[in-house]
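A.B. asks: Provided herewith is a single structure, encoded as structure tokens, for subsequent inquiry.
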Amino acid sequence: MTVRNLDALFKPRSIALIGASRRQGSMGSVVAKKLFNAGFDGPIMPVNPKHQAIEGVLCYPDIESLPVTPDLAVVCTPPHTVPEIVAELSRQGTRGVVVITAGFGEGDDEEGMALREQLLDAARPHLTRIIGPNCLGLIVPGAGLNASFSHLAPPKGQIAFVTQSGAIVTSVLDWAENRGIGFSHMISLGDMADVDFGDTLDYLANDPNTRAILLYVEAITDARKFMSAARAAARMKPVIVVKSGRHAASAQAAASHTGALAGSDAVYDTAFRRAGMLRVETLGELFAAVETLATVEPPRGDRLSILSNGGGIGVLATDALISAGGELATLPDETVAALNEVLPPTWSKGNPVDIIGDAPGKRYEDSLKILADNPEADAILVLNCPTAVADSMDAAEAVIAEHQRRRRGRKHQPLFTCWVGEHTAMAARRRFAEAGIPSYNTPEGAVRAFMHMVAYRKNQEQLIETPPSVPEVFTPDVDTARSLIDTAAAEGREILSEPEAKQLLAAYGVDIVPTEVADDPDSAAEAAERLGLPAALKIVSRDLTHKSDVGGVALDLEDADSVRQAAEAMQRRLAETYPDAQLEGFSVQPMVKRAGAWELIAGFTEDQQFGPVVLFGQGGTAVEVIKDQALGLPPLNLKLARDMVTRTRIYNQLVGYRDRQPADLDAIDLTLTRIAQIAADLPQVKELDINPLLASAEGVVALDARVRIAENGEDGVRLAIRPYPRHLEKSVTDEAGRHYLLRPILPEDEPALHRAFAHLTPEQIRLRFFAPMKQLSHMAAARFTQIDYHREMALIITDPDEVPGEAELYGAVHIHADPDNEKAEYSIIVRDDLTRHGLGRLLMEHVIDYARSRGIGVIEGDVLRDNQAMLVLCRQLGFEEHVDPDDRDIIKVSLPLTLDDGGG
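According to our numbering, the residues represented by the sequence shown are 866 to 1769, in order.
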């Protein structure tokens, strides 16, 4: 479930309070006071057989006595009574319930868990939605709704706050009270038995009264739903998250380096970044983010001008900026010259701009006016420390006046302020809040807020970056890979042998070193001569995770005798040290020597919440000590892979330095995408570890590999992000006999989309977009090509043997489903030179089949009345037609779908 019936929770027309009370201090009494005094414009009906009236309103003895069916019910009764109450409300037609009561399995209590299941069973038949149990409730100031036991009622605003912790709600409200910051929604999800973060993100993303969304996360339940909703929401408005539990008390044992390195909090960090959200580390930073979001737009970049009346606090701000990865803005000569005209000769002559401790308000105003015209800066931070010779409030008023003047002229950079101190600065900070200018207690806090906005802007830009085309069309040998897995599983093995692991990698186009397994020392010597000397020798044993820990690796063996002797020594050592370990043989491979090569690690492990997670970083035997790694969620493209690489420390070496040639970064990126494809295609593979992955200017090669397998369910289901649906690829032929490939669109197709748009006539553009357009913007093209296959689909007709981006795009159809999968809106376009070849019908038939297979209820769209070709096609396909009552030039077409209506 997603947004279905959430309107009953957040925009109810009537409310019932079950368990309302007059007993002082009881939950039913506190919630009643909040409900009745929030300004709700509709009936509020208390239910309690013990009272005649509550808060001066007639009280009803039971649910059956209610004069109208409430859209929303708030339940404050003992836990054992709640399932039956919800069942009765659901039967009566109530669509939303907030369960304040605790006692539904917190701490894995068996009785409570059973009640939780009864609660869900009671709501399920009539699709009644539940917030909670064990929650503080919800507040929607714009609707006059306060169904909570919060101590404060926030004013109406445009920020939504969603949290699992009720205590966090009260803390945020308390903080916001003094700053006059309002909220569109305050939602305490509690135990998330039903409504969760994914549901609320979907709802709030489309709420016109919400400009930004804040999340306090303890754990995610449905990772795919969360990622799909978060990616959609973050494209529409800022989403900022703070997550508790950064450090796990214990780490799950893993069979590989990759599994040991990929900690759960790092995975959450990766997920938030991939979704385009901004993660902050502390509640204090979340508070700061609230204030910043409420007042400023994200800056264009990370160049900051600092204006200060004290050198010390300017230096502190500079240190914080550089440490966080920001830059001091350059002061052009004309800016310095202008400042010389208004500042004392002793000013700093650079950035930070120190205007001296005796600076009056006029000096602040003049300096700010000049700095705001500097094109080399992306934002301004104004600092003030109290002095005996200047009035801090005078300085604050001057800054406010100048900023408001520029704001009225719609020409202003984002402005951040920091008036240091408590007693003297408090009044100034209050004035900044009233003027809509963010203000912070410390220079470090102000810089941190600025860099948060920079990070948010970068995340947004990464969401719409066009990835480069892959170098060649590549189809993995999935059958060979699955055969290797099936063989090992049939033998009861959890770990593939090294040669098997390398064969699996080779099936996906990863360069490997030829490897053989020998049964004994003599066979190892023969294999080394056959493969090539010098050789590398390793023991093969399913009982040992890391071979080097037991002296099971020998390198640079120059001749066959050295190989034989090394194998015999390994046999003896293993028998003495690990007598219970089974020796299955010896892995033999030729030594690969590449001058100036780096040892890297690449692979994936499976996270409990988010499924497979790809890892990249510096490899070698000390990999767990070095801990230089970046994580990514599959599927990956070349852009996402490069982003992983650049987030590691070793990247600075891989780009080359002094006389050392750079590594082949493109080959590294491609290898990561293919590792991610293994994770998507082969659900039986739980861990894959390439260490070392040798990288040099000549390319990359996997020297050692480890693969752990286990039984798993359906392909792709475990991934947090739905992978590219390769099964939808089909060879098709138009009416002229020309052959094409029909497939889902990819982010790499954006250049082809722009070329296709150039082939459209002005009339085609008008009929498709309902308005003239000279060109397709990057933003529009990115939204069309970088789709979430979980909730939308775009099928294109393209060249069969060309890589995405280089292949031409001849036609496309797109459908976007609502979060409940009830309806999907379609759009279609075919290049003008191919409009009478049957491509439009071919695209529509295939997208209808796809929608039917996804269980979508209705496909609908808007067609201009004079678009007769589209209307004729819709009639042939069985669409119904209705004139738009608001615009008679638009015909609304719809096609109801069922699984057995004759479709595929």
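For each residue, glycine too, the CB sits at the ideal point set by N, CA and C.
(1) Buried or exposed for His1288, going by 16 or more other Cβ atoms inside 10 Å?
(2) So Ala1659 and Glu1615 are supposed to be a Cβ contact under 8 angstroms. How far apart are they, rounded?
(3) Ignore the nearest five residues each way along the sequence and tell me which others in Gly893's own chain have a CB closer than 6 angstroms to its CB.
(4) Does Phe899 pass the burial test, meaning 16 or more other C-beta atoms within 10 Å, or should it be called exposed?
(5) What first and last residue would you give for the beta strand (DSSP E) that runs through Cys1283?
(6) Starting from Val1565, follow the beta strand (DSSP E) in both directions and report where the run begins and ends.
(7) Does the separation of the CB atoms of Gln1651 and Phe1622 fall below 8 angstroms?
(8) Determine the direct distance from the alpha carbon of Asn1502 to that of Arg1251, and round the result to whole angstroms.
(9) In whole angstroms, give me the CA-to-CA distance for Pro877 and Gly968.
(10) State the beta-bridge partners of Tyr1605 as determined by DSSP.
(11) Does the distance from the CB of Leu1553 to the CB of Trp1463 come in under 8 angstroms?
(12) Taking DSSP's pairing of strands, which residues face Gln1518 in a bridge?
(13) Do you know how far the Cα of His1592 is from the Cα of His1681?
(14) Can you grab the Cα-Cα spacing for the pair Asp1698 / Tyr1133, in whole Å?
(15) Alpha carbons only, please: which of Thr1195, Arg1228, Pro1197 and Ala1194 is nearest the one belonging to Pro1210?
(16) Apply the 10 Å Cβ neighbour rule to Pro1637 and answer buried if 16 or more other Cβ atoms are within range, or exposed otherwise.
(17) Can you tell me whether DSSP reads Phe1048 as helix, strand or coil?
(18) Can you give me the C-alpha to C-alpha distance between Pro1386 and Glu1433, rounded to a whole angstrom?
(19) Go ahead and pull the three-state DSSP assignment for Arg1507.
(20) Specify the secondary structure class of Ser1348 as computed by DSSP and reduced to three states.
(21) How is the alpha helix (DSSP H) around Phe1481 delimited, first residue to last?
(22) Val1254 and Ser1232: beta carbons closer than 8 angstroms?
(23) Ala1462 bridges to which residues according to DSSP?
(24) Does the Cβ-Cβ distance between Leu1143 and Tyr1373 come in under 8 angstroms?
(25) Report buried or exposed for Gly1110, applying the criterion of at least 16 other Cβ atoms within 10 angstroms of its Cβ.
(26) Express the C-alpha separation of Ala1189 and Val1478 in angstroms, rounding to a whole number.
(27) Just to confirm the assignment: which complete alpha helix (DSSP H) runs, minimum length 4, are found wholly within the segment 960–1024?
(28) Between which two residues does the alpha helix (DSSP H) containing Leu1625 stretch?
(29) Is the segment 1726–1744 touching the segment 1657–1673, taking contact as three or more C-beta pairs under 8 angstroms?
(30) Buried or exposed for Ile1187, going by 16 or more other Cβ atoms inside 10 Å?
(31) Kindly indicate the opening and closing residues of the beta strand (DSSP E) around Leu882.
(32) Cα-Cα, which of Lys1504, Leu1547 and Pro1019 is closest to Asp1351?
(33) What separation, rounded to the nearest whole angstrom, lies between the Cα atoms of Trp1212 and Pro1020?
(34) Just how far apart, CA to CA, sit Ile1360 and Ile1540?
(35) List the whole-angstrom C-beta distance separating Phe901 from Val922, where the pair is believed to meet the contact cut-off of C-beta under 8 angstroms.
(36) On the DSSP bridge assignment, give the partners of Met910 in chain order.
C.D. replies: Here's the rundown:
(1) The count along the sequence shown starts at 1 and reaches residue 1288 at position 423. Result: exposed.
(2) Taking the first residue of the sequence shown as 1, we reach residue 1659 at position 794. Taking the first residue of the sequence shown as 1, we reach residue 1615 at position 750. Wrong, their Cβ atoms sit about 12 angstroms apart, outside the cutoff.
(3) Numbered from its first residue, the sequence shown carries residue 893 at position 28. Here the set comprises Gly884, Ala885, Ser886 and Cys941.
(4) Locating residue 899 in the sequence shown gives position 34, where the first residue counts as 1. Note on residue identity: the sequence assigns Lys, not Phe, to residue 899. So Lys899 counts as buried.
(5) To locate residue 1283, count along the sequence shown from 1; it is residue 418. Unbroken beta strand (DSSP E) run through Cys1283: Leu1280 to Trp1284.
(6) Residue mapping note: residue 1565 aligns to position 700 of the sequence shown, counting from 1. Val1565 -> beta strand (DSSP E) spans Gly1564 to Ala1567.
(7) Indexing the sequence shown from 1 puts residue 1651 at position 786. Indexing the sequence shown from 1 puts residue 1622 at position 757. Cβ distance not < 8 angstroms, so Gln1651 and Phe1622 don't count as in contact.
(8) Your numbering for residue 1251 matches position 386 in the sequence shown. Your numbering for residue 1502 matches position 637 in the sequence shown. Note that residue 1251 is Pro in the sequence shown here, rather than Arg. When rounded, the distance between both Cα atoms is 53 angstroms.
(9) As a working note, residue 877 is residue 12 in the sequence shown. As a working note, residue 968 is residue 103 in the sequence shown. Distance between the alpha carbons of Pro877 and Gly968: 26 angstroms.
(10) On the sequence shown, residue 1605 is found 740 positions in, with the first residue counted as 1. In DSSP, Tyr1605 forms a bridge with Val1597.
(11) Residue mapping note: residue 1553 aligns to position 688 of the sequence shown, counting from 1. Residue mapping note: residue 1463 aligns to position 598 of the sequence shown, counting from 1. Cβ atoms of Leu1553 and Trp1463: not closer than 8 angstroms.
(12) Here residue 1518 corresponds to residue number 653 of the sequence shown, with the count starting at 1. DSSP, once it has assigned bridges, lists no residue as partnering Gln1518.
(13) Here the question's residue 1681 lines up with position 816 in the sequence shown. Here the question's residue 1592 lines up with position 727 in the sequence shown. Rounded to whole angstroms, His1681 to His1592 spans 19 angstroms at the Cα level.
(14) As a working note, residue 1698 is residue 833 in the sequence shown. As a working note, residue 1133 is residue 268 in the sequence shown. So the alpha carbons of these two residues sit roughly 48 angstroms apart.
(15) Counting from 1 along the sequence shown, the entry for residue 1210 is found at position 345. When only C-alpha atoms are compared, the closest one is Arg1228.
(16) Taking the sequence shown and counting its residues from 1, one reaches residue 1637 at position 772. Exposed: under 16 other Cβ atoms inside 10 Å.
(17) On the sequence shown, residue 1048 is found 183 positions in, with the first residue counted as 1. Three-state DSSP puts Phe1048 in a strand.
(18) Locating residue 1386 in the sequence shown gives position 521, counting from the first residue. Locating residue 1433 in the sequence shown gives position 568, counting from the first residue. C-alpha separation (whole angstroms): 6 angstroms.
(19) Mapped onto the sequence shown, residue 1507 falls at position 642. In this structure, Arg1507 counts as helix in the three-state DSSP scheme.
(20) As a first step, residue 1348 must be located in the sequence shown, where it is residue number 483. Of the three classes helix, strand and coil, the one that applies to Ser1348 here is helix, per DSSP.
(21) In the sequence shown, counting from the first residue as 1, residue 1481 sits at position 616. Careful: Phe1481 lies outside any alpha helix (DSSP H), inside the beta strand (DSSP E) at Gly1476 to Gln1483.
(22) Reading the sequence shown from its first residue, position 389 is the one you call residue 1254. Reading the sequence shown from its first residue, position 367 is the one you call residue 1232. Cβ distance not < 8 angstroms, so Val1254 and Ser1232 don't count as in contact.
(23) Working through the sequence shown from its first residue, we reach residue 1462 at position 597. Answer by DSSP bridge pairing: none, since Ala1462 is not bridged.
(24) Translated into the one-based positions of the sequence shown, residue 1143 becomes position 278. Translated into the one-based positions of the sequence shown, residue 1373 becomes position 508. Against a cut-off of 8 angstroms, the Cβ pair of Tyr1373 and Leu1143 comes out as no contact.
(25) Within the sequence shown, numbered from 1, the residue matching residue 1110 stands at position 245. Under this definition Gly1110 is an exposed residue.
(26) Along the sequence shown, one-based indexing puts residue 1478 at 613. Along the sequence shown, one-based indexing puts residue 1189 at 324. Rounded to whole angstroms, Val1478 to Ala1189 spans 26 angstroms at the Cα level.
(27) 975–988
(28) The residue given as residue 1625 occupies position 760 in the sequence shown. Run containing Leu1625: none; DSSP gives neither H nor E here.
(29) no
(30) Your numbering for residue 1187 matches position 322 in the sequence shown. Exposed, by the Cβ-count rule.
(31) Here residue 882 refers to the residue found at position 17 of the sequence shown. Segment Ile880 to Ile883, the beta strand (DSSP E) holding Leu882.
(32) As a working note, residue 1351 is residue 486 in the sequence shown. The option with the nearest alpha carbon to Asp1351 is Leu1547.
(33) Start at 1 with the first residue of the sequence shown, and residue 1212 comes out as number 347. Start at 1 with the first residue of the sequence shown, and residue 1020 comes out as number 155. So the two alpha carbons sit approximately 44 angstroms from each other.
(34) Here residue 1360 corresponds to residue number 495 of the sequence shown, with the count starting at 1. Here residue 1540 corresponds to residue number 675 of the sequence shown, with the count starting at 1. One C-alpha to the other measures close to 17 angstroms.
(35) Indexing the sequence shown from 1 puts residue 901 at position 36. Indexing the sequence shown from 1 puts residue 922 at position 57. Going by Cβ atoms, the distance from Phe901 to Val922 rounds to 7 angstroms, so yes, they are a contact pair.
(36) Residue 910 sits at position 45 when you count from the first residue of the sequence shown. Met910 is bridged to Ala881.
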